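Read the structure below first, then the notes.
Number of protein chains: 2
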Amino acid sequence: MAMNAVVETRYLDLPKPLRLDCGRELASVRVAYETYGVLAPERDNVILVCHALSGDAHAAGLSKTPEESTRDGFAAEDRDGTAGKGLGWWDGMIGPGKAFDTDRYFVVSTNLLGGCRGTTGPSSVDPATGKPYGSDFPVITVADMVRTQRAFLDVLGIGRLAAVAGGSLGGMQALEWAILFPEQVDAVVAIASTHALHPQGLAWNAIARDAIMRDPAWQGGHYYGTGRTPDGGMGVGRMVGHVTYLSAPALDDKFGRRLQFADDIRYTITEPEFEVESYLRHQADSFVRRFDANTYLYLSRALTYFDLARQHGGGSLVRALDGVLARTLLIAFSSDWLYPPAASRQIEDALRALGKPVEYHEIEAPYGHDCFLLEEARQTPIVRRFLEMPS
Amino acid sequence: MAMNAVVETRYLDLPKPLRLDCGRELASVRVAYETYGVLAPERDNVILVCHALSGDAHAAGLSKTPEESTRDGFAAEDRDGTAGKGLGWWDGMIGPGKAFDTDRYFVVSTNLLGGCRGTTGPSSVDPATGKPYGSDFPVITVADMVRTQRAFLDVLGIGRLAAVAGGSLGGMQALEWAILFPEQVDAVVAIASTHALHPQGLAWNAIARDAIMRDPAWQGGHYYGTGRTPDGGMGVGRMVGHVTYLSAPALDDKFGRRLQFADDIRYTITEPEFEVESYLRHQADSFVRRFDANTYLYLSRALTYFDLARQHGGGSLVRALDGVLARTLLIAFSSDWLYPPAASRQIEDALRALGKPVEYHEIEAPYGHDCFLLEEARQTPIVRRFLEMPS
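For the record, the sequence lines run as chains A and B. Note that the first sequence ends on residue 391 in my numbering; no numbers are left out. Note that the second sequence ends on residue 782 in my numbering; no numbers are left out.
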């Protein structure tokens, strides 16, 4: 892939219905995807990258529809004249010579099941009714997302993955892959992730979902076509998420208590006053323009349900990981309080207890959970060396 | 005061209009208050306790209207058969032999200016229009709250305070007292407080306020008498606040990832599933029944504006504190990430640099910011010894 090439998202319909954990079936599933690099004739150089809650298939390169880039927050800052040009969410990690080196690997990225960026989700039309699913969309799990990716790769004729990688919810998918399809995954790269979100993380997600569902414009989840969308609640939910993705010191460094518009306070309740207040409103406003509130609900629910020990180990993380055959790389960031290093260390300990190959790196970095989107330079040598190790 | 005596809130109208920092004037101000203990003939045994964002004048004893107690969260748990009986928010600290010993001191507690529990606030009737102020209520500051308390104490014939004490926003008032009325305060007790909230704290408060204002039922702040109140947004705001008042380990200890209703997940988006989710909804629902959303907006704005260095020191905390004559006791809690120990240490350092008498104690305790409402046993000996020291 040439530097900053324009990449177009493609779409593929799965040939068979998808059976879900909840017992329901999705008759028809479309998957939005992008690929970077060249598939080797032996088909043994495939890396699947999995996105987080607010990402999409556009992981690298420039988008044909730049205004819809999922880069936001600190990652939206101009780095090399690419701001506003639709750079993929992990462009810093995927490309020639980068962590996921497209000179060597064929990197595949899909929009998650339940998504709102091309893959079937709550805003898609239910073939049974001819109307968007809304809240009739089945409740999905991370395992359902992974089975969707498996079925999608089958269509592409890809059996094995040289690696599956992701940050946050993306890391959950990578770990789930290693458990559901142990024979088909050589290596797992789970960054800023966890085997089960801690209770405070459950709380933040519940608050964000409640903010959406308490917005009268949500209309029980059936707002499509009504001309009203729960932007107010979705905006509040996004602001909550955004603050949890950063660290308190990062907010302090970037904004301090600086006022936005004047030298002194203006005695206003309704208007933003501090820079950090303006920033959050801006993040909320731009997010609601590109993201579907129901998708937020479903993906948030999936990531809170995710619990490897409960799902696969009868309560034991060690038992859950017992069948893993892949080598595992775990990276966590010192300032990440949403997916803290302790969670990655628990995975490391469990794999080590089982005698499985695992590497854990804690990177000292200030930006909190968003580090996995921001600290490419620090992650790159770790990921490259790990991928180059003989299996 | 007898053990668990029933205390009645009283009301007093200030004799003169109140001039505010914003330049406006409140023609008529009523103050709700309670007192505990006996005023000495020399009137030299008065301690003013100041409440935090969601408190009220009912600081100690049992309330005549127990269903309206402001005790909630972990503090609502039954301790000695008093749950649900309307125990004051700082009952563990105020009473015979307690930290603020009513055998010796006359303790006064008022509902803050801007409040919704008897003191004039946005839900009060504007004498100019005969209708509730709503968002026409002037934007108030912590200094305005303190001037209201000063005017109120004048009516009671109380000039000097043996101490002024409070936690969180209450601690801000205590510090403001020492600066605005240095000759009239012998001692300051500021617990789990700060000289200026950090940017992440600004962010949480902005999100809570936005949740209220984005609720269509807020109606620009003029919802009184419409039959609709912004309960949805206020509930979300309260949930955000509640999580910031606790620590992640405290949520982990209390709830873990336990499911509320079943042995396994039920694949639901709308219903709470984890215990922590149910708990938060319960907190939200009970809070909106007792608290006015506009008061939340005004008090939240006041505590984000609070900034001693900006207000009184031209940007310097040392300069701001230069005129303080009171002895100062600062207490912070190790797990409090909203009003972290570092903020109290900055106040300590500034007072020490000025050669002023100051004591700082960091208490190792797990509950986060709410420790100031929960860790009475740990605070009591520190406060008692401090108050007994000769001035």
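The C-beta atom is built at its ideal place from N, Cα and C for all residues, glycine as well. Remember, predicted model here, so these are calculated numbers, not experimental data.
Residues sharing a beta bridge with residue i, DSSP
i, result
"residue 413 of chain B", "DSSP lists no partner for residue 413 of chain B."
"residue 486 of chain B", "B/492"
"residue 752 of chain B", "B/722"
"residue 425 of chain B", "B/500"
"residue 763 of chain B", "Answer is none; residue 763 of chain B lacks a bridge partner."
"residue 132 of chain A", "A/125"
"residue 454 of chain B", "B/398"
"residue 274 of chain A", "A/259"
"residue 478 of chain B", "B/453"
"residue 768 of chain B", "The partner list for residue 768 of chain B (beta bridge, DSSP) is empty, contrary to what the question assumes."
"residue 166 of chain A", "A/50 and A/190"
"residue 552 of chain B", "B/576"
Per-residue burial, residue i [other beta carbons within 10 Å of its own, 16 or more giving buried]
i, result
"residue 385 of chain A", "exposed"
"residue 664 of chain B", "buried"
"residue 484 of chain B", "buried"
"residue 543 of chain B", "buried"
"residue 75 of chain A", "buried"
"residue 215 of chain A", "buried"
"residue 25 of chain A", "exposed"
"residue 402 of chain B", "exposed"
"residue 127 of chain A", "exposed"
"residue 139 of chain A", "buried"
"residue 144 of chain A", "buried"
"residue 148 of chain A", "buried"
"residue 489 of chain B", "buried"
"residue 619 of chain B", "exposed"
"residue 692 of chain B", "buried"
"residue 492 of chain B", "buried"
"residue 132 of chain A", "buried"
"residue 510 of chain B", "buried"
"residue 364 of chain A", "exposed"
Continuous alpha helix (DSSP H) stretch holding residue i: start and end
i, result
"residue 636 of chain B", "622-636"
"residue 171 of chain A", "169-180"
"residue 547 of chain B", "533-547"
"residue 709 of chain B", "708-711"
"residue 187 of chain A", "That residue, residue 187 of chain A, is in no alpha helix (DSSP H); its beta strand (DSSP E) goes 187-191."
"residue 656 of chain B", "Counting along the chain, residue 656 of chain B falls outside any alpha helix (DSSP H), and DSSP gives it neither H nor E."
"residue 594 of chain B", "590-604"
"residue 419 of chain B", "Residue 419 of chain B -> no alpha helix (DSSP H), and no H or E assigned at all."
"residue 742 of chain B", "732-744"
Minimum Cβ-Cβ distance from residue i to chain A less than 9 angstroms
i, result
"residue 568 of chain B", "no"
"residue 590 of chain B", "yes"
"residue 420 of chain B", "no"
"residue 624 of chain B", "yes"
"residue 668 of chain B", "yes"
"residue 643 of chain B", "yes"
"residue 413 of chain B", "yes"
"residue 529 of chain B", "yes"
"residue 409 of chain B", "no"
"residue 664 of chain B", "yes"
"residue 571 of chain B", "no"
"residue 692 of chain B", "yes"
"residue 783 of chain B", "As displayed, chain B neither begins before 392 nor continues past 782, which places residue 783 of chain B out of reach and without an answer."
Where the beta strand (DSSP E) through residue i begins and ends
i, result
"residue 10 of chain A", "10-13"
"residue 48 of chain A", "46-50"
9 angstroms Cβ cutoff, residue i in contact with chain B
i, result
"residue 289 of chain A", "no"
"residue 256 of chain A", "yes"
"residue 314 of chain A", "no"
"residue 371 of chain A", "no"
"residue 215 of chain A", "yes"
"residue 310 of chain A", "yes"
"residue 337 of chain A", "yes"
"residue 341 of chain A", "no"
"residue 236 of chain A", "yes"
"residue 347 of chain A", "no"
"residue 280 of chain A", "yes"
"residue 202 of chain A", "yes"
Inside the region 676-702 of chain B only - alpha helix (DSSP H) runs reaching at least 4 residues
684-696
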